[in-house]
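Just below is one structure, and these are the notes that go with it.
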Ligand code: MOS
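What follows is the structure, given as structure tokens:
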């Protein structure tokens, strides 16, 4: 449809709107993957390997099988073979290898058996009776330094493409010629996924061999495809339901092997089976943000103008799939340095394959580059804020393309004003409040705006209500509400007249709820669908005789509140419902695609089930990035050296903000996650047994209310046409970026202690 019927606002933000699913959530009507209790439901419990590397010698299940109420025990000896599925980015499986397919143990905590029983209690009791002995047990490598690093670009062809290594100019020559040179290493810890909702699968098969899975998934298309491939089914034979998720943060982008076991158990038992991971099973079975070591070298002239950035990252990886955590994402477009190089390496370990966690690459990378910038500022005798302003690039240094929109200066200046940066003293140990040394720190934040193909179905009903159906998922971010706003703005109706149905493979295909790309991607489809709906209604209406609209030219018809208006109202108007009844229909449906044709045959079928359809930030004429500034004030106890964040201010350019209420909430959440990463989150590994140690919420320390200071979020972006018809850029992940660096820089400002390792520990 070529004519655009509506003109949704290009104002910097949409209407602040409370979550339309809020009531359902607080009253328990929102159904999560584990909430479903189908008839004849059976419950599953996993048994995990106690060694990290070796083979199963003997697995004794007789006692478990004798337990009253036990239905089945699945092990590698009796589990039917599942088909292999590519791990992301080439598929939506979190792991490339499935457990219980052979006797191999590849990492500590790997599943070795699944018990199915009438009740959860029986399943757990029986699981505890299974004894496993192992042979060929070897010492596993589980920490960064236990194996030599390998360059990602020197692995297979795919790894070379995905390495994210890049070079511009001649960084070695430039470093040698720079007046100021800075060189340091930074370390970040392994972080465990601790979403409120644990991973859960409820699977059932019908008599025709069709599979229904309730799975907390950020990616319905991907998950549906993975289940279909595991079981050799057509995609249409798998219904994947992910209506609500209690947090994903990347841990629910892939589907993990335990979900395959649950679905297989359901098939073998001929009953629906539910498997909910226990809290301490998530880290070993799902995957984590890997630890990194990053080497930063900066060269600058005497005025602090950067000549060079070299940013090398080493991260933990599993062995089967090379997992890249490219810290360089946060440095290659950040500053106007003509010379640049990044190299990414992995340590291939006998660990659960790492996975994405909010702002993969950027969260760790921003700690390194933004601390290094602080250190360079001090070396140059400059205010760290001025060093940033001085090195602001006119265009994207990485792609060479112009920025689409960029309000980075405004973000830095607004943040500085709000925190009161002018009151900061450059000299450490000069501000004291009670027993605390007080300091301020800042860092830049950034995240690429990605886009992926999407579809959306809209259904107009006779009462003027509109239903949106999409496989897109609301991972707690507010997608239900954002998409309702997009429909409401495009059709000029109240949000309350929009019903949003998400997260079900019965609906239209969608971009992933990850990579901060869903709002812009799915929103483009939704807005297009709204336009198409109106045009179709108009085309039908002008054909109806005995109506004022009969044979009216298109330009005589405009859109009023919930209605079609003729000649500016001079010759009447019709509500959408009235128009619909005039054309003699109860409903009108449209399906809009953002991708009328795909550039290649290869991409077509895989556009929704792999990441091959994702367009990068510089895929168009301009470079589209969200950017921002993080400012914090900390207090460091003079006796105990404990670090407390006293205030946080984040100012962000994320383009047009569809819903300031939920966007603010996402950014607050990101900043809080950054505070956790900075001060307490550390997935400990027992280097002898190669096990993740502190896997429960009692031992893995995420921030609690008492840790959270007064926080402020501001927006400085504008409508960004290059990011798509909504004008919105990435929101979901940028909030965490830069936070840990801002806190570390503030600790330096408070105490004079430079901490280069996360979580920060200021004790001597
Ligand atoms: Mo995010 S790590 O793409 O959920």
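Residue numbers (the working numbering): 19 to 782. C-beta: ideal position from N, C-alpha, C; glycine also.
- Note on residue 660: under 16 other CB atoms within 10 angstroms of its CB, so exposed under the neighbour-count rule.
- For residue 361, the uninterrupted beta strand (DSSP E) segment begins and ends at 357-366.
- Within the DSSP bridge table, the entry for residue 752 names no partner.
- Cβ contact annotation for residue 307 (same chain, cutoff 6 Å, sequence separation greater than five): 209 and 375, in chain order.
- In the structure shown, residue 479 falls within a strand segment according to DSSP collapsed to helix, strand and coil.
- Relative to the ligand MOS, the beta carbon of residue 377 is positioned inside 8 Å of a heavy atom.
- Residue nearest to residue 725 within the set 529, 689 and 192 is 689 (criterion: CA-CA distance).
- Rounded to the nearest whole angstrom, the CA to CA distance from residue 578 to residue 443 is 56 Å.
- Only residues of its own chain outside the window of five on either side were considered, and among them 653 have a CB closer than 6 Å to the CB of residue 662, listed in chain order.
- Cβ-Cβ distances below 7 Å link residue 137 to 61 and 87 in the same chain, with the five nearest sequence neighbours on each side left out; the list follows chain order.
- With fewer than 16 neighbouring CB atoms inside 10 Å of its own CB, residue 80 falls in the exposed class.
- Taking C-beta atoms as the reference points, residue 211 and residue 269 count as a pair closer than 9 Å.
- Relative to the non-hydrogen atoms of the ligand MOS, the Cβ of residue 768 never comes closer than 8 Å to any of them.
- Per DSSP, reduced to three states, the secondary structure at residue 732 is strand.
- Taking a C-beta distance under 9 Å as the contact criterion, residue 349 and residue 341 do not qualify as a contact pair.
- In this structure the stretch 168-186 does not lie against the stretch 318-327, because fewer than three pairs of beta carbons, one per stretch, are closer than 8 Å.
- Short of 8 Å from the beta carbon of residue 676, and not among the five residues preceding or following it, lie these beta carbons of its own chain, in chain order: 31, 32, 500, 503, 504, 537, 541, 744 and 746.
- Remark: the C-beta of residue 267 is in contact range of the ligand MOS, defined as less than 8 Å to any heavy atom.
- Counted as a single uninterrupted DSSP element, the beta strand (DSSP E) harbouring residue 201 occupies residues 198-206.
- With fewer than 16 other Cβ atoms inside 10 Å of its own Cβ, residue 319 counts as exposed.
- Contact check between the stretch 119-126 and the stretch 291-301: fewer than three CB pairs, one atom from each, fall below 8 Å, which does not count as touching.
- The alpha-carbon of residue 625 is positioned some 16 Å away from that of residue 254.
- For residue 233, the CB stays at least 8 Å from every heavy atom of the ligand MOS.
- In this structure, residue 82 sits away from residue 170, with a CB-CB distance that is not shorter than 9 Å.
- For residue 286, the enclosing alpha helix (DSSP H) starts and ends at 275-287.
- Rounded to whole angstroms, residue 434 and residue 714 show a C-alpha spacing of 38 Å.
- CA-CA distance, residue 582 to residue 517, rounds to 21 Å.
- Its Cα nearest to that of residue 113, the residue 241 stands out among 241, 430, 461 and 564.
- By the Cβ-count criterion, residue 475 is buried, with 16 or more other Cβ atoms from all chains shown falling within 10 Å of its own Cβ.
- Counting of Cβ neighbours within 10 angstroms places residue 207 among the buried residues, the total reaching 16 or more.
- In the structure shown, residue 779 falls within a coil segment according to DSSP collapsed to helix, strand and coil.
- Sequence-distant partners of residue 172 (beyond 5 residues in either direction) whose C-beta falls short of 8 Å from its own C-beta, in its chain, are 178.
- Counting along the chain, residue 236 sits inside no beta strand (DSSP E), nor does DSSP assign it H or E at all.
- By the CB criterion at 9 Å, residue 50 and residue 266 fall outside the cutoff.
- Setting aside the 5 residues that flank it on each side, residue 754 is surrounded in the same chain by 376, 377, 381, 688, 691 and 692, each with a C-beta closer than 6 Å to its C-beta; the list follows chain order.
- In the DSSP assignment, residue 310 falls outside any alpha helix (DSSP H) and within the unbroken beta strand (DSSP E) covering 310-318.
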